[in-house]
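There are 2 protein chains.
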Amino acid sequence: MREPIEARHPARRQPLFQVEDTDFMFELSQLRCFVAVAEELHFGRAALRLNMTQPPLSRQIQILERVLDVTLLERSNRAVRLTPAGRRFLADARHLLKLAESAAALARRVASGKAGSINIGFTATSAYSYVPALVAACRRELPDIEISLKEMVSSDQLKRLDSGEVDIGLLRPPIPRGGLGAFRVTAEPLVAALPGGHPLAQADQPRLEDLASEPFIMYEPYEARYFHDLLVELFSRASLVPNYVQHLAQIHSILAMVHSGVGVALVPEAASNLRFSGVVLRPVLMQWERPAELFFVWRSDNDNPLLPVIAGIARDLAAQAGSIQSMDRSIQ
Amino acid sequence: MREPIEARHPARRQPLFQVEDTDFMFELSQLRCFVAVAEELHFGRAALRLNMTQPPLSRQIQILERVLDVTLLERSNRAVRLTPAGRRFLADARHLLKLAESAAALARRVASGKAGSINIGFTATSAYSYVPALVAACRRELPDIEISLKEMVSSDQLKRLDSGEVDIGLLRPPIPRGGLGAFRVTAEPLVAALPGGHPLAQADQPRLEDLASEPFIMYEPYEARYFHDLLVELFSRASLVPNYVQHLAQIHSILAMVHSGVGVALVPEAASNLRFSGVVLRPVLMQWERPAELFFVWRSDNDNPLLPVIAGIARDLAAQAGSIQSMDRSIQ
DNA sequence: CCGATCCATCCAAAAAAGGTATCGACCTAT
DNA sequence: ATAGGTCGATACCTTTTTTGGATGGATCGG
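Here the protein sequences line up with chains A and Z, keeping their order.
Read in order, the letters of the first sequence correspond to residues 1 to 332 in the numbering used here.
Read in order, the letters of the second sequence correspond to residues 333 to 664 in the numbering used here.
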């Protein structure tokens with residue numbers, strides 16, 4: 001094109017002047033041609049295998065050799081042999097073709113949601129029961145995906161969802177309207193956390209007012225806002241004024257305090273998975289009940305193909321857990 | 333050809349039915365297109381970078397996506413974004429392009445003799461001095477090549493040279509005429525191997541007839557034919573009839589025998605590299621001298637590009653060693 | 001609502017790839 | 001020795017693909 005016409009047919013017998021603009025590269029189809037010839041060591045048979053005729057095959061091999069500036073095949077009139085460079089390149093050619101194949105397959109898998117990676121944010125308390133169950137289910141149904149988990153409070157999750165750093169948030173209400181999809185995955189009752197020897201631990205089901213008259217370990221109003229606000233509303237509706245002796249954000253810290261006899265607390269049922277020795281959990285009798293809710297949240301315009309798949313898994317899991325949970329509660 | 337004529341012009345105008353026979357594969361040029369677009373996130377700029385115009389670029393990306401059956405790029409009218417599958421495929425595409433590049437480079441290196449692999453056969457005795465020197469020189473000048481060394485007797489080397497299992501033979505004469513190239517790389521004098529306390533070990537230069545009157549350790553006539561025949565001729569020309577007390581093939585076995593006082597022997601000078609304790613080596617005074625020769629031999633039609641390069645190294649080494657050797661001898 | 005931006009589409013022209021026929025070298029068999 | 005067969009390269013023509021300019025259509029900012 002930018003070369004003079006005569007350069008099109010340079011006396012091909014002198015490879016001396018073959019400058020080869022270097023931005024030229026072979027194509028995978030040429031590798032396929034080469035592999036076929038190298039395996040058959042016969043242009044005719046190779047052409048047959050490639051569903052083409054021999055002359056264009058010869059030409060493709062010549063082009064490949066010219067681009068590489070390497071003789072790959074030694075053609076005597078009676079036999080075709082690989083040169084050492086050809087032998088070396090054959091291995092690489094096979095490798096490249098295989099990689100190309102698997103790159104295509106992987107792209108397809110990612111697009112169909114069978115493979116890929118996803119970032120999930122979760123609140124500290126959800127880690128006690130729902131998150132492990134969800135991750136286990138995903139690992140089972142989508143063994144090839146990469147799940148990256150990050151613990152953060154609900155408000156941070158919303159920020160990261162917005163910025164795209166997180167694909168899925170497992171967080172506490174409230175959930176802002178704009179551009180987010182969400183559904184509830186757990187709704188656990190709050191249970192009383194009591195020191196083993198505490199009088200209330202004898203009762204099957206202490207009443208909320210009993211707890212309110214004990215030294216009470218409360219949630220931190222900012223880092224654990226959801227539980228803080230939930231308890232405030234609970235006590236307020238019951239017209240109770242508990243005696244807050246300590247504010248903490250983490251459930252395991254609260255249970256440690258209960259263990260040490262600092263006071264009693266209300267924790268979500270999933271805390272039972274912590275199995276804190278010397279601390280007993282008891283369902284609480286209360287007038288107005290509200291479960292601790294956890295939501296599965298995503299950005300509506302997130303196009304990660306794993307999202308709908310994992311959302312489906314999460315929904316199924318929630319349904320199962322829900323039925324078990326209600327069963328549990330009916331037993332109590 | 334075997335298809336009906338009409339099948340040649342399938343209704344190409346309906347992409348609706350483009351079933352894509354799946355044996356179609358993308359090409360590296362399309363990967364380059366995709367990488368450019370994915371990096372620029374802008375078809376126009378990417379086209380500029382690829383030295384083409386935007387429409388064909390768009391088309392190539394579409395073809396790539398159709399072949400993969402995966403949407404790689406999300407084109408809103410205002411911005412281009414990668415889909416998750418596209419992000420995944422981008423990494424693979426870059427990897428493939430890099431591999432293709434280095435495969436080409438490696439093929440060129442192999443063709444030019446800067447890389448590659450070569451099989452070298454050598455006789456047991458050559459391992460004491462010339463082979464290590466040659467291998468060291470090759471490792472220094474051709475750090476990227478793979479040298480495979482196999483010890484075998486000269487006749488076996490010739491067989492393997494013929495079959496192509498060995499590219500280079502380091503062997504003893506005679507060398508058959510047919511289709512082989514060869515040059516001499518070492519010519520070492522034979523020296524006397526004597527027990528440390530032996531009377532002849534006191535002399536600076538024992539005479540051949542002195543050795544012939546001692547119990548003499550001889551080379552095995554088949555496995556060490558070259559040295560056997562050499563010594564036979566040596567003694568025959570000097571009209572000596574030595575007293576052969578033992579026949580052995582390996583030099584180190586012979587020296588061990590000398591060490592044990594079984595007798596004396598004649599060994600090539602390079603045996604001094606063995607440093608056998610209690611055995612002294614002495615130059616021998618003889619009428620008619622003939623050095624033990626080692627040849628570098630290859631098949632004339634061997635097209636391994638390393639062959640001429642290593643042959644050059646071997647020749648240089650021989651020249652150097654030759655001069656040092658003569659120096660050594662002049663000192664003695 | 002208009003102009004700018006940007007990707008997709010259309011179409012004619014150019015390039016590339018494919019196919020048929022044939023060449024030329026070489027090996028084999030008569 | 002020579003005729004016939006084999007096999008890769010070449011010549012030449014046809015088909016397919018790619019290219020690039022022009023244009024379309026959607027969207028965003030002013």
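The beta carbon of each residue, even a glycine, is placed where N, CA and C say it ideally should be.
Annotation: residue 373 of chain Z to residue 53 of chain A spans about 41 Å, alpha carbon to alpha carbon. The residues 524, 532, 574, 596, 598 and 616, in chain order, have a CB closer than 8 Å to that of residue 543 of chain Z in the same chain once the five nearest residues on each side in sequence are set aside. A straight line joining the alpha-carbon of residue 638 of chain Z with that of residue 424 of chain Z spans about 34 Å. Between residue 359 of chain Z and the set A:127, A:44, A:99 and A:160, the nearest pair of CA atoms involves A:99. In the same chain as residue 244 of chain A, and ignoring 5 residues on each side of it, the C-beta atoms closer than 7 Å to its own belong to 216 and 218, in chain order. A direct Cα-Cα distance of roughly 7 Å separates residue 641 of chain Z from residue 445 of chain Z.
For residue 557 of chain Z, the uninterrupted alpha helix (DSSP H) run begins and ends at 557 to 569, by DSSP. Taking 7 Å as the Cβ-Cβ cut-off, the segment 439 to 461 of chain Z approaches chain A at 439, 440, 442, 443 and 448, given in chain order.
At least one beta carbon of chain Z lies nearer than 8 Å to the beta carbon of residue 96 of chain A. For residue 290 of chain A, the secondary structure class from DSSP, reduced to helix, strand or coil, is coil. With distances taken between CA atoms, residue 260 of chain A lies nearest to A:194 out of A:226, A:229 and A:194. Residue-level contact check: residue 424 of chain Z touches chain A, since one or more beta carbons of chain A fall below 8 Å from its beta carbon.
Proximity of the segment 166 to 173 of chain A to the segment 285 to 303 of chain A meets the contact definition, three or more beta-carbon pairs being nearer than 8 Å.
Distance from residue 420 of chain Z to residue 515 of chain Z at the Cβ level is roughly 57 Å; contact not present, criterion being Cβ atoms closer than 8 Å. Contact between the segment 361 to 375 of chain Z and the segment 401 to 421 of chain Z is present: three or more C-beta pairs spanning the two stretches fall below 8 Å. Rounded to the nearest whole angstrom, the C-alpha separation of residue 619 of chain Z and residue 566 of chain Z is 9 Å. Counting only runs of 3 or more residues that sit fully inside the segment 47 to 115 of chain A, the beta strand (DSSP E) segments are 73 to 75 and 80 to 82, in chain order. DSSP, read as helix, strand or coil, puts residue 304 of chain A in coil.
Distance from the Cα of residue 519 of chain Z is smallest, within the candidate group Z:624, Z:395 and Z:557, for Z:624.
Given a length threshold of 3 residues, each whole run of the beta strand (DSSP E) inside the segment 240 to 274 of chain A is given here in chain order: 243 to 248 and 265 to 268. In this structure, DSSP gives residue 458 of chain Z a helical state, which the three-state scheme calls helix.
The secondary-structure analysis by DSSP pairs residue 313 of chain A with nothing; it has no beta-bridge partner. Close to residue 575 of chain Z, with beta-carbon spacing below 8 Å, lies no residue of chain A; the smallest spacing is near 52 Å. Secondary structure of residue 141 of chain A (DSSP, three-state): helix. Pairing residue 452 of chain Z with residue 481 of chain Z gives a Cβ-Cβ distance under 8 Å. Listed in chain order, the positions of the segment 300 to 315 of chain A with a beta carbon within less than 7 Å of a beta carbon of chain Z are 303, 304 and 305. Per DSSP, the unbroken alpha helix (DSSP H) holding residue 38 of chain A starts and ends at 28 to 40. Going by DSSP, residue 526 of chain Z is part of the beta strand (DSSP E) stretching over 522 to 527. Residue environment for residue 126 of chain A: buried (at least 16 other C-beta atoms within 10 angstroms of its C-beta).
It is roughly 53 Å from the alpha-carbon of residue 66 of chain A to the alpha-carbon of residue 522 of chain Z.
In this structure, the straight-line span from the alpha carbon of residue 601 of chain Z to that of residue 535 of chain Z is close to 17 Å. Here DSSP, grouped into helix, strand and coil, assigns residue 135 of chain A to helix.
Using a Cβ-Cβ cut-off of 7 Å, residue 89 of chain A is close to 435 and 439 of chain Z, given in chain order. Residue burial is scored here from C-beta neighbours: residue 116 of chain A has at least 16 other C-beta atoms within 10 angstroms and is therefore classed as buried. With a threshold of 8 Å between beta carbons, residue 541 of chain Z makes no contact with chain A. About 6 Å separates the Cβ atoms of residue 435 of chain Z and residue 96 of chain A, confirming a contact at the 8 Å cut-off.
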